[in-house]
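Colleague: Input: one structure, supplied below.
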Amino acid sequence: MRLGFGALKDQQARADAAFKGNSFIPYVRLRDDGDIIQMRIMSECEEDMAAQQGVHSVMLSGEFHNVQSRTQSGKTRFSDILCSLEEDDAGELGGECPHCAADNKRSTKFMMWVYVYAIYHRAQSTDPKNQLPRGKLGAQTVYKEELNKFMVWQDGYYMTQMLESRVERLGTLTDRDYLITRHGIRGQQKVTRDLDGEDPTPLDQDIVALSADLPSLLAIATGSVTNLDGSGPPPEQAPTEEYSEVELPSFGGSESGGEATYDSVDDLPF
Ligand SMILES: [Zn+2]
């Protein structure tokens, strides 16, 4: 914890940077082969771990439907929406879920808040107006996309297993920064992601303080909150239950305004 007006100004500047601009909830997406994200996990697996580490959020996991809807401007949008069926003690599913009723497939995923410092790319940006600084990550030449913002991280079964083995060994997810590397070019069927932990470092308490204002993962997962300020979709943009007949890509929204901006069905975050 730092003291004084300097620290306060720093924190305000970071709060502005973290919440300004596009107000849609941003999701972690690694688009290209070799992309590396550098981030701090801001959610723990269990309540008691969160209390112990002093973080404000607990990981959410469950069955998600990838739901297509159309925005007011006529663009297609995909969101991962939590299935609303409930399992009883006998393991039987009950209740009602419009997405199950529409035969939309479910898959097991988790959601966490992360603070993303940067994404490192192997190639320079193709946008001439948005050229990235070149640098080194270890021995590797990389192009750094600096982000410094909160994002929702959502991934599936294999990443859950990697996280579980770390939690068993370390008892926490928030004691260090993590790197995730994507292996697999766009359009490839089999894309994998590696998780590397860096050396333990204290949580930045300014970032922890800012994270207290993030919307709840449950509200995001159920679709009732779509924006960083905690607001939901305007009525025109509420899911309109338009389902595609084709296999849908499975990713959680998009950081560029919630519109579908993927190039192919395989351009997924995971
Ligand atoms: Zn369902």
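Heads up: the sequence shown begins at 10 in this note's numbering, then just goes up one per residue. Positions of the beta carbon are idealized from the N, C-alpha and C atoms, including for glycine. This structure is a prediction, so every number in the text was calculated from the model and none was measured.
(1) Hey, is Q163's beta-carbon within less than 9 Å of any beta-carbon in chain D?
(2) So the beta strand (DSSP E) I189 belongs to, where does it begin and stop?
(3) Quick one: what does DSSP say E173 is sitting in, helix, strand or coil?
(4) Compute the Euclidean distance between the alpha carbons of E155 and G100, then round it to the nearest angstrom.
(5) May I have a chain-ordered list of the alpha helix (DSSP H) segments no shorter than 4 residues that lie completely inside the region 79 to 134?
(6) What residue does the alpha helix (DSSP H) around D57 start on, and which one ends it?
(7) Given this structure, state the Cα-to-Cα distance separating T169 from S32, to the nearest angstrom.
(8) What are the partner residues of R202, as DSSP defines its beta bridges?
(9) Taking the alpha carbon of I189 as the point to measure from, which residue in R79, E207, E177, Q133 has its own alpha carbon closest?
(10) Check each candidate in N236, S220, G241 and name the one with the smallest Cα separation from V67.
(11) Along the chain, where does the beta strand (DSSP E) that runs through Q163 open and close?
(12) Go to L146, then tell me how far its beta strand (DSSP E) extends in each direction, as first and last residue.
(13) Mind checking who I45 pairs with in its DSSP beta bridge?
(14) What do you reckon, is the C-beta of S70 under 8 Å from a heavy atom of ligand 1?
Modeller: Considering the structure as presented:
(1) The chain inventory of the structure shown lacks chain D, comprising one protein chain alone.
(2) Counting from one through the sequence shown, the residue named residue 189 turns up at place 180. Residues 185 to 192.
(3) For this step, residue 173 is matched to residue 164 along the sequence shown. Helix at E173.
(4) Here residue 155 corresponds to residue number 146 of the sequence shown, with the count starting at 1. Here residue 100 corresponds to residue number 91 of the sequence shown, with the count starting at 1. E155 and G100: Cα-Cα distance of roughly 45 Å.
(5) 107 to 110
(6) For the purposes of this step, residue 57 is identified with residue 48 of the sequence shown, where counting begins at 1. Per DSSP, D57 belongs to the alpha helix (DSSP H) from 56 to 62.
(7) Locating residue 169 in the sequence shown gives position 160, where the first residue counts as 1. Locating residue 32 in the sequence shown gives position 23, where the first residue counts as 1. Rounded to whole angstroms, T169 to S32 spans 28 Å at the Cα level.
(8) For the purposes of this step, residue 202 is identified with residue 193 of the sequence shown, where counting begins at 1. Answer is R191.
(9) In the sequence shown, the residue the question calls residue 189 occupies position 180. Nearest option by C-alpha distance: E207.
(10) Taking the sequence shown and counting its residues from 1, the one referred to as residue 67 is at position 58. Taking only the C-alpha atoms, the option nearest V67 is S220.
(11) Stepping through the sequence shown from its first residue, residue 163 is reached at position 154. From DSSP, the beta strand (DSSP E) with Q163 extends over 149 to 164.
(12) As a position in the sequence shown, residue 146 is number 137, starting the count at 1. Element bounds for L146: 143 to 146.
(13) Here residue 45 is taken as the residue at index 36 of the sequence shown, counted from 1. Beta-bridge pairing links I45 to Y129, T190.
(14) Position 61 of the sequence shown, counted from the start, is the residue given in the question as residue 70. Every heavy atom of ligand 1 is 8 Å or more from the Cβ of S70, so no.
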